[in-house]
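My numbering applies: residue 18 is where the sequence shown begins, and numbers increase by one.
For every residue, glycine included, the Cβ atom is placed at its ideal position computed from N, Cα and C.
Predicted, not measured: the structure shown is a model, and the values here were computed from it.
Below: one structure, written as structure tokens.
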Amino acid sequence: MTDERYMARALELARRGRFTTTPNPNVGCVIVRDGEIVGEGWHQRAGEPHAEVHALRMAGDRARGATAYVTLEPCSHHGRTPPCCDALIAAGVSRVVAAMQDPNPQVAGRGLHRLSQAGIDVSHGLMMSEAEALNRGFLKRMRTGFPWVQLKLGASLDGRTAMASGESQWITSAAARRDVQRLRAQSSAILSSSATVLADDPSLTVRWSELNADTQSLLDESTLRQPIRVIVDSQNRVTPHHKLITQPGETWLMRQTADQQTWPEGVTQIGVPLREQQLDLVAMMMLLGKRQINSVWVEAGASLAGALLQIGLVDELIVYVAPKLLGDEGRGLCQLPGLQQLADAPSFSFSDVRQVGTDLRLTLTPQ
Ligand code: AOF
Ligand code: ZN
């Protein structure tokens, strides 16, 4: 087999961690000796062993003289776990092929350097774009301090999200909603607004029964991770009686000032500065990055969605389009106040279009 085939296998292993490793990246490792795979591993959860350690354990003595394929540069720092490059050196690996360098400033080339200083044949860059795609959130946070933001929208064929009365359950199909569950489950946080909480009283959770069998096979119901629910609530309108407050997992209320109420465990009020009488969304995203949020999945109303788009905080748009017409009294997809000229209209390119159940799912990248 070729280097590409082994790296493709390492990428496949890495992807198994996509629901669980946050704030750590997804990493896979394959160890090959004399054309035979002798070790395989992937990073499963932050705080637990890295991919290389799992693969080395499986390989045992057979790691001596072998080649290790890793989807990310082996770490060189003492974090929650000891450095992987030391483990690879101690095991006597003779060649390391990494798909890309780790932009984490604690690593940033030092892992590869240390390996090559130990006499190991080192290279990087094989299948780099695939490795980049695997960790868009982690990589953006490490490089810029900001999380990677996906904005989810659901609309009718004529771009309406609800009837004039507000009635909106359900415009998209159950299959589309299951798809949303899977994408929520991959995110570090779900972002919404107090307007949505007050209007719909959503729980904003991942529900085991709504995950498909493929997703369930990578997870365990009893340890199902809930993305952190982050609510933009500048006027302190969310109360302890709202449904999301008592759901499993954490809720962060992003507020100008905290109130003095007693909140259940798992609820944190976080101060965010104001900008033009609204919470400063750029400052808020930076704060989420500081708190190790790699990726943010936004499910909000037209106001927050429009504001995020106008400030340029959206990295990817996911739109579910239902084959229904709601008419021109229905509510619009996003508010873009002040937009007058076509030249100023936010525009996108399609990166994926597919049918999910009876709906279409459009994936778009802002231009
Ligand atoms: C690797 N292999 O499988 C992973 C790596 O706190 P720790 O010890 O888990 O370290 C986390 C950092 O290690 C993380 O930010 C990233 O730079 C790197 N992750 N490195 O060699 C792995 N998950
Ligand atoms: Zn490591």
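Buried or exposed (CB count within 10 angstroms, at least 16 for buried), residue i
i       : result
Arg-246 : buried
Arg-62  : exposed
Asp-138 : exposed
Trp-59  : buried
Asn-152 : buried
Phe-367 : exposed
Val-370 : exposed
His-95  : exposed
Lys-307 : exposed
Trp-187 : exposed
Arg-158 : buried
His-67  : buried
Ser-209 : buried
Ala-181 : exposed
Asp-218 : exposed
His-398 : Examination of residue 398 is not possible in this model, given that the chain is present from 18 through 384 alone.
Thr-38  : buried
Gln-385 : This structure leaves residue 385 out entirely; the chain is present only between 18 and 384.
Asp-231 : exposed
Leu-296 : buried
Ala-191 : exposed
Ala-216 : exposed
Gln-243 : buried
Ala-202 : buried
Glu-282 : exposed
Ala-115 : buried
Asp-376 : buried
Extent of the continuous beta strand (DSSP E) run through residue i
i       : result
Thr-161 : Unbroken run through Thr-161 is the alpha helix (DSSP H), 153 to 161; no beta strand (DSSP E).
Leu-168 : 165 to 173
Leu-381 : 376 to 383
His-141 : 138 to 141
Arg-177 : 177 to 179
Met-144 : Note, Met-144: premise wrong, no beta strand (DSSP E); not H, not E.
Gln-277 : Taken as a continuous stretch (DSSP letters only), Gln-277 belongs to no beta strand (DSSP E), as it is neither H nor E.
Ala-339 : 333 to 339
Glu-57  : 53 to 59
Ser-190 : Element bounds for Ser-190: n/a, residue is neither H nor E.
Ser-312 : 312 to 315
Gln-286 : 284 to 288
First through last residue of the alpha helix (DSSP H) which encompasses residue i
i       : result
Glu-21  : 20 to 32
Cys-46  : Looking at the DSSP string, Cys-46 is not in any alpha helix (DSSP H); the run it does join, the beta strand (DSSP E), is 45 to 50.
Val-70  : 68 to 76
Asp-369 : Here Asp-369 belongs to no alpha helix (DSSP H); instead the beta strand (DSSP E) covers 365 to 373.
Gln-327 : 319 to 328
Gly-306 : 298 to 307
Residue i to residue j span [Cα, whole Å]
i       : j       : result
Glu-90  : Gly-136 : 16 Å
Thr-11  : Ser-204 : The first residue shown for the chain is 18 and the last is 384, placing residue 11 beyond what the model contains.
Leu-170 : Ala-362 : 18 Å
Met-387 : Lys-260 : Shown here, the chain extends from 18 to 384; a query on residue 387 therefore has no answer.
Val-299 : Gln-357 : 24 Å
Val-166 : Ala-322 : 11 Å
Arg-50  : Ala-80  : 7 Å
Val-289 : Val-249 : 9 Å
Glu-236 : Thr-98  : First, the residue type needs correcting, since residue 236 is Leu and not Glu in the sequence shown. Each residue's alpha carbon lies about 23 Å from the other.
Asn-121 : Arg-160 : 8 Å
Ala-360 : Gly-329 : 16 Å
Leu-325 : Met-145 : 30 Å
Ser-140 : Met-117 : 9 Å
Leu-221 : Leu-228 : 14 Å
Pro-354 : Arg-348 : 15 Å
Glu-149 : Phe-155 : 10 Å
Ala-17  : Ile-262 : Only positions 18 to 384 of the chain appear in this structure, which leaves residue 17 out of reach.
Leu-129 : Arg-224 : 41 Å
Ala-172 : Glu-57  : 43 Å
Val-315 : Glu-184 : 20 Å
Arg-131 : Gln-327 : 44 Å
Val-313 : Val-124 : 24 Å
Arg-177 : Leu-241 : 33 Å
Arg-33  : Pro-42  : 11 Å
Leu-343 : Leu-174 : 8 Å
Arg-112 : Glu-65  : 25 Å
Val-70  : Gln-264 : 35 Å
Leu-305 : Pro-164 : 7 Å
Leu-143 : Thr-268 : 40 Å
Ala-206 : Ile-310 : 7 Å
- [ ] Kindly provide the chain-ordered list of residues whose Cβ lies closer than 5 Å to any non-hydrogen atom of ligand 2.
- [x] His-67, Cys-92 and Cys-101
Open item on the list: Report the start-end ranges of each alpha helix (DSSP H) in the stretch 197 to 256 that is 4 residues or longer and not cut off at the edges.
Closed with: 211 to 217 and 230 to 233
Task: Sequence ranges, beta strand (DSSP E) only - wholly within the stretch 70 to 129, length at least 3 - done: 84 to 87 and 112 to 115
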